[in-house]
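*Asks:* Numbering (our numbering), first residue to last: 284 to 603.
(1) Residue 509 to residue 405, Cα distance in whole Å?
(2) Which class does residue 513 belong to by DSSP, given the choice of helix, strand or coil?
(3) Starting from the C-beta of residue 433, find all residues in its chain whose C-beta is less than 8 Å away, skip the five residues before and the five after it, and write them out in chain order.
(4) Determine whether the beta carbon atoms of residue 455 and residue 512 lie at a separation below 9 Å.
(5) Leaving aside the five residues before and after residue 575 along the sequence, list all residues of the same chain whose C-beta is less than 6 Å from its C-beta, in chain order.
(6) Is the distance from the Cβ of residue 367 to the Cβ of residue 403 below 9 Å?
(7) Taking the CB atoms as reference points, tell me whether residue 489 and residue 307 lie closer together than 9 Å.
(8) How many Å lie between residue 420 and residue 570 at the Cα?
(9) In whole angstroms, what is the alpha-carbon distance linking residue 536 and residue 303?
(10) When we look at the beta-carbon of residue 379 and count the other beta-carbons within 10 Å, is it buried (16 or more) or exposed?
(11) Where does residue 526 sit, in a helix, a strand or coil, going by DSSP?
(12) Rounded to the nearest angstrom, how far is the Cβ of residue 582 from that of residue 542, given a contact under 8 Å?
(13) Going by DSSP in three states, residue 489 sits in which element: helix, strand or coil?
(14) Under three-state DSSP, which class holds residue 356?
(15) Tell me the DSSP secondary structure of residue 554 in three-state form.
(16) For a quick check, are the C-beta atoms of residue 371 and residue 301 less than 9 Å apart?
(17) Quick one: what's got a C-beta closer than 7 Å to residue 546's C-beta in the same chain, skipping five residues either side?
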């Protein structure tokens, strides 16, 4: 496998995960706004903050209202994190690497991209938006399932997993940072029903609510949510689990030591954090999440330098 192929697969997986996460965020926000209309701290503007695209959005849209945010995150081709642009980028990355992937994966991503484009070409009415977003989520999950069930355990699979896990961990920290910002100053033991629902929205944005309840056997509490999302060893979207799985995937590749060290450093730093302390101090949580995201950037840079820097050089082989 060439380095160019490995890089394309890495980005294909990141874009698929990005499209799924964006669709889930839009869906959860819509449901939350139906329960609590006219609450800016919960609303559509926060999605632009989560995606880190504030400057780009403000350059092209006059207001951060529902219609503008939905258009930007669903259909704006200028925004690489929109559902349509992300699926288009994933499709293009796969198109150039079709020789190493099962044909079913190409057929599925091609069909999903075309279907999404057809739905968006005429606009998505509010009454049909939830069905559209569920279709996107299920389509992306189908692609992940096809990789899991039909791609041999080799370099191609490893780079798909690495891209998906790093993108997932990044989005998890963004959601926790932005969505919890207006909750943390209060006494975590004295949540109003309104605040309780907001913490539930954090969990639901990550499809984590049911697993959280099974894990904690308790009502939704800020410190427990922070601990679960950052540190749980078993939930697939927790930051710790993503980083731990990254270490395992790196270890299966040659020349892996620098990447393993970078991921392990970020993973181990999570264990030293106190969920109770972070849940009482929003500035401390924000600072901690910033440090975690710097770690993600370090991991990405190490991946690039180790395996993608020489685009004509051979890519790694399975080492064990």
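For glycine and all other residues, C-beta sits at the position ideal for the given N, C-alpha and C.
*Replies:* So, to answer that:
(1) Position 226 of the chain shown, counted from the first residue, corresponds to residue 509. Position 122 of the chain shown, counted from the first residue, corresponds to residue 405. Going by the C-alpha atoms only, they are around 40 Å apart.
(2) Taking the chain shown and counting its residues from 1, one reaches residue 513 at position 230. Helix at residue 513.
(3) Against the chain shown, residue 433 aligns to sequence position 150. Shown here for residue 433: same chain residues with a beta carbon closer than 8 Å to its own, the five before and five after excluded, namely 385, 387 and 388 in chain order.
(4) As a first step, residue 455 must be located in the chain shown, where it is residue number 172. As a first step, residue 512 must be located in the chain shown, where it is residue number 229. Going by C-beta atoms, residue 455 is nearer than 9 Å to residue 512.
(5) Numbered from its first residue, the chain shown carries residue 575 at position 292. Cβ within range, chain order: 456.
(6) On the chain shown, residue 367 is found 84 positions in, with the first residue counted as 1. On the chain shown, residue 403 is found 120 positions in, with the first residue counted as 1. Contact: yes.
(7) By one-based count along the chain shown, residue 489 stands at place 206. By one-based count along the chain shown, residue 307 stands at place 24. At a Cβ-Cβ threshold of 9 Å, residue 489 and residue 307 count as neighbours.
(8) Counted from its first residue, the chain shown places residue 420 at position 137. Counted from its first residue, the chain shown places residue 570 at position 287. In a straight line, the C-alpha of residue 420 is about 31 Å away from that of residue 570.
(9) The residue you call residue 536 lines up with position 253 of the chain shown. The residue you call residue 303 lines up with position 20 of the chain shown. Going by the C-alpha atoms only, they are around 27 Å apart.
(10) For this step, residue 379 is matched to residue 96 along the chain shown. Exposed, because fewer than 16 other Cβ atoms sit within 10 Å of the Cβ of residue 379.
(11) The sequence position of residue 526 within the chain shown is 243, counting from 1. Residue state, collapsed to three classes: helix.
(12) Counted from its first residue, the chain shown places residue 582 at position 299. Counted from its first residue, the chain shown places residue 542 at position 259. Confirmed, Cβ separation roughly 7 Å.
(13) Taking the first residue of the chain shown as 1, we reach residue 489 at position 206. Coil at residue 489, not helix or strand.
(14) Your numbering for residue 356 matches position 73 in the chain shown. The three-state secondary structure of residue 356, taken from DSSP, is helix.
(15) Residue mapping note: residue 554 aligns to position 271 of the chain shown, counting from 1. Residue 554: helix per DSSP, three-state reduction.
(16) Here the question's residue 371 lines up with position 88 in the chain shown. Here the question's residue 301 lines up with position 18 in the chain shown. No, the pair does not count as a contact, with Cβ atoms beyond the cut-off.
(17) By one-based count along the chain shown, residue 546 stands at place 263. Once the five neighbours on either side are set aside, the close Cβ partners of residue 546 are 526, 529, 530, 533 and 582.
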